[in-house]
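Engineer: Here it is: the structure, laid out below.
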Amino acid sequence: MDNTNSVSTLIDCTTSKIQQLQKAFAELESHRAVTLNLKWKELEEHFHGLEKSLKRRFHELESQEKEFESRTVEAQKLLEKRQAAVVAKEQASLETLQEKRDAAIYVITTAREKQRKVSTEESSVVTDDGQGGPPSVEEKPPDVMVSESNFEEMKSAENGIIEVMSYPQLVKLCEQMDSEGLHKFISDNRKNLASIREEIPLALRAAANPALFVLESLEDFYRLEGPNMDGKKDSNLLGVRRTCIMLMECLSILLTNPDLVSASDVITEEVKDLAEAIAEEWKPKLDALDMDASNGNSLEAHAFLQLLATFGIASGFDEEELFRLIPMVSRRRQTADLCRSLGLTERMPGVIEVLVSSGRQIDAVNLAFAFELTEQFSPVPLLKSYLKEARKASPVKPGYASPTAQNEVNDRELAALKAVLKSIEEHKLEDQYPVDPLQKRVLQLEKAKADKKRVAEAAKPQPKRPRANGVGYGPRVTNVVADKTFYPRVAENRYPQYMYDRQFVYPGPADNHCPSLLGSATYNMSPAHGNYFATGYQYQPAYLH
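Okay, here's the thing in structure tokens:
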């Protein structure tokens, strides 16, 4: 643009230059000695012709430049449109590819997770009734809530919905609103509980009224509790209660997804009134619960709080009563979500203080991280305090400590060490709390425990093995008179008796296991013998959810 302006300026100066040239030519002509044949008119016409030619050429170039610029702008716009179309197509292709990839990964991950959970649950045995005992490191509550990430994967298919395919019986039971049948189905398939739990939220959509269906499933929560249970719950009752909690959690997951159902349509005022009536019926039963006895794993308190959170009726109950129940469920993984749903986030510092004062620092650390209160409750000092309390020996006078008491102290310290190591790993505290000394102490205690067990087994009297020819354990006798009642060889209808050096032995009558050599053996067994293997070992059926 600057070059164009300069050329235009030079062309405009042509006239003045010609005038100057005319003056110079006139002056030259006045001093000439001879007459020149060249006239000024001819020069003037020549220069004016050059001027017009330059101006015409200049205007042509200007028009060509403008035309070129307009074509350039149009080409640029067209190029941008084409680029946008290409980018849109690429993005659509990438999204389609990502959806297919996510669907494939989900299918593979789900299959592997189901296989892993099934194999884990088959090899596990429930040893804690959920009402006491020290916090176990490897024990996890089997009714863990389905994580939101897993549920997002459940709905990541083409239309955002994955039909229940593994267990179509779930859909049928929900369609029929058969709560008793649903309980029985879950109990019969408890080995596959992890995969069943993932499909229940989607199966509940088949029910005419999912919320009412879940409320009906809570009828046996306290009905099966007998008056002579003495505070201990059998496996059947524990299984029913865990199933009730799981169904309420699955309903909450369904309600949090607006693409599947509308929460306002499912949780009607009639449903809320019925839920409040059930909560009022359960409420007096919670007064007898002891926070120390429950050890943060109370199914009764968890079910009550889950009922309030799922059906949104917490506002009708005293906040102080809810605050009192939180420490009773502090060991359960759903505690943080329950507190948020119940509007108790502001009360969590008080809950953590209660846990610390009652010696449950591990639970306090978990809640401190869940609610971002680690500045107020530093986790490392809490873990050290927990370990210090666990290492304290029982109040026994020096010199009178029994080996059993010392073993209990060591076991308590070992469990505390493993709990602290797990907490450090979960919350990534290795930089603040080195784990090497703790791991060495764990190895030391485990080695000492194994050595004591080996010494104790070696000190036990070894039973005599029966002879291969069927002779019993009586003294060897020779030259026996025929009319004697003692015979060195048992009768043909008798079997050699084997002694078992086991901890758990069938507690039957003495004559069922060590028959006398004088007379026939008796193998009497009561018809109501309970759960026993043929070898005489008793086993406890485990309810794994």
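Sequential numbering of the sequence shown, starting at 574, is according to the numbering used here. Glycine is no exception: its CB is placed at the ideal position from the N, C-alpha and C atoms. Keep in mind that this is a model prediction, so the values were computed, not measured.
Classify Gln-934: buried if its beta carbon has 16 or more other beta carbons within 10 angstroms, exposed otherwise.
Structural biologist: Translated into the one-based positions of the sequence shown, residue 934 becomes position 361. So Gln-934 ends up on the buried side.
Engineer: Give the DSSP-derived three-state secondary structure of Ser-808 in the structure shown.
Structural biologist: Numbered from its first residue, the sequence shown carries residue 808 at position 235. Ser-808: helix per DSSP, three-state reduction.
Engineer: Where does His-756 land, buried or exposed, given buried means 16+ other C-beta within 10 angstroms?
Structural biologist: Along the sequence shown, read from residue 1 onward, the residue named residue 756 stands at position 183. Classification for His-756: buried.
Engineer: What are the boundary residues of the alpha helix (DSSP H) that includes Gly-754?
Structural biologist: On the sequence shown, residue 754 is found 181 positions in, with the first residue counted as 1. First-last of the alpha helix (DSSP H) with Gly-754: 752-761.
Engineer: Please name the residue in Glu-640, Ala-848, Thr-682, Val-929 whose C-alpha comes closest to that of Val-787.
Structural biologist: By one-based count along the sequence shown, residue 787 stands at place 214. Nearest of Glu-640, Ala-848, Thr-682, Val-929 to Val-787, Cα basis: Ala-848.
Engineer: Find out if the Cβ-Cβ distance for the pair Leu-872, Arg-796 is shorter than 8 Å.
Structural biologist: Along the sequence shown, read from residue 1 onward, the residue named residue 872 stands at position 299. Along the sequence shown, read from residue 1 onward, the residue named residue 796 stands at position 223. In this structure, Arg-796 does not lie closer than 8 Å to Leu-872 by Cβ.
Engineer: Could you spell out the range, first to last residue, of the alpha helix (DSSP H) harbouring Lys-957?
Structural biologist: By 1-based counting over the sequence shown, the position of residue 957 is 384. Residues 952-963.
Engineer: Could you please give the first and the last residue of the uninterrupted alpha helix (DSSP H) stretch that includes Asp-860?
Structural biologist: As a working note, residue 860 is residue 287 in the sequence shown. Here Asp-860 belongs to no alpha helix (DSSP H), and DSSP marks it neither H nor E.
Engineer: Thr-908: buried (16+ other C-beta within 10 angstroms of its C-beta) or exposed?
Structural biologist: Looking up residue 908 in the sequence shown gives position 335. Flag for Thr-908 reads buried.
Engineer: If you check the beta carbons only, do Ser-825 and Ala-882 fall under 8 Å apart?
Structural biologist: For the purposes of this step, residue 825 is taken as the residue at position 252 of the sequence shown. For the purposes of this step, residue 882 is taken as the residue at position 309 of the sequence shown. For Ser-825 and Ala-882, yes; Cβs fall inside 8 Å.
Engineer: Confirm, please, whether the CB-CB distance from Ile-759 to Thr-683 is below 8 Å.
Structural biologist: Locating residue 683 in the sequence shown gives position 110, where the first residue counts as 1. Locating residue 759 in the sequence shown gives position 186, where the first residue counts as 1. Their beta carbons are not under 8 Å apart, which means Thr-683 does not touch Ile-759 by this criterion.
Engineer: Between the beta-carbon of Val-844 and the beta-carbon of Arg-778, is there less than 8 Å?
Structural biologist: As a first step, residue 844 is located in the sequence shown; it is residue number 271 there, counting from the start. As a first step, residue 778 is located in the sequence shown; it is residue number 205 there, counting from the start. For Val-844 and Arg-778, no; Cβs fall outside 8 Å.
Engineer: Taking only three categories from DSSP, how would you classify Val-938?
Structural biologist: For the purposes of this step, residue 938 is identified with residue 365 of the sequence shown, where counting begins at 1. Here Val-938 sits in helix by DSSP.
Engineer: Near Glu-633, what residues of its chain come up, given a Cβ to Cβ distance below 7 Å and the 5 sequence neighbours on each side ignored?
Structural biologist: Along the sequence shown, one-based indexing puts residue 633 at 60. Cβ within range, chain order: n/a, list empty.
Engineer: Which residue from Cys-747, Ser-790, Asp-675, Pro-774 puts its Cα closest to that of Ala-781?
Structural biologist: For the purposes of this step, residue 781 is identified with residue 208 of the sequence shown, where counting begins at 1. Per the Cα distances, Cys-747.
Engineer: For Glu-772, collect the residues of the same chain with a Cβ closer than 7 Å to its Cβ; drop the 5 residues on either side in sequence, then sort them by chain order.
Structural biologist: Residue 772 sits at position 199 when you count from the first residue of the sequence shown. Excluding sequence neighbours, Glu-772 sits near Val-737, Ser-739, Tyr-740, Leu-743.
Engineer: Compute every distance between the C-beta of Lys-965 and the non-hydrogen atoms of the ligand NAP, then say whether any falls below 7 Å.
Structural biologist: Summarising the ligand content, the structure contains no ligands, and the ligand NAP is consequently not present.
Engineer: Give every residue of the same chain whose Cβ lies closer than 8 Å to the Cβ of Gly-932, excluding the five residues on either side of it in the sequence, and list them in chain order.
Structural biologist: Along the sequence shown, read from residue 1 onward, the residue named residue 932 stands at position 359. The residues are Tyr-959, Glu-962.
Engineer: If you draw a straight line from the alpha carbon of Val-659 to that of Glu-640, how long is it in whole angstroms?
Structural biologist: Position 86 of the sequence shown, counting from 1, holds the residue named residue 659. Position 67 of the sequence shown, counting from 1, holds the residue named residue 640. Distance between the alpha carbons of Val-659 and Glu-640: 29 Å.
Engineer: State the DSSP-derived secondary structure class of Arg-644, mapped to helix, strand or coil.
Structural biologist: On the sequence shown, residue 644 is found 71 positions in, with the first residue counted as 1. Looking at Arg-644 - three-state DSSP - the assignment turns out to be helix.
Engineer: Are the CB atoms of Ile-925 and Cys-912 within a distance shorter than 8 Å?
Structural biologist: Residue 912 sits at position 339 when you count from the first residue of the sequence shown. Residue 925 sits at position 352 when you count from the first residue of the sequence shown. No, Cβ-Cβ distance for Cys-912 and Ile-925 is not below 8 Å.
Engineer: Given a threshold of 16 other Cβ atoms within 10 Å of its Cβ, counted over all protein chains shown, does Leu-828 qualify as buried or as exposed?
Structural biologist: Within the sequence shown, numbered from 1, the residue matching residue 828 stands at position 255. So Leu-828 ends up on the buried side.
Engineer: Specify, as a first and last residue, the run of the alpha helix (DSSP H) that Asn-980 falls within.
Structural biologist: Locating residue 980 in the sequence shown gives position 407, counting from the first residue. It spans 976-1000 - the alpha helix (DSSP H) in which Asn-980 sits, taken as one unbroken run.
Engineer: Do the CB positions of Ile-840 and Phe-884 come within less than 8 Å of each other?
Structural biologist: The residue given as residue 840 occupies position 267 in the sequence shown. The residue given as residue 884 occupies position 311 in the sequence shown. In this structure, Phe-884 lies closer than 8 Å to Ile-840 by Cβ.
Engineer: Is it buried or exposed, Asn-870, if we count other Cβ atoms within 10 angstroms and call 16 or more buried?
Structural biologist: Stepping through the sequence shown from its first residue, residue 870 is reached at position 297. By the neighbour-count rule (16 or more Cβ atoms within 10 Å), Asn-870 is buried.
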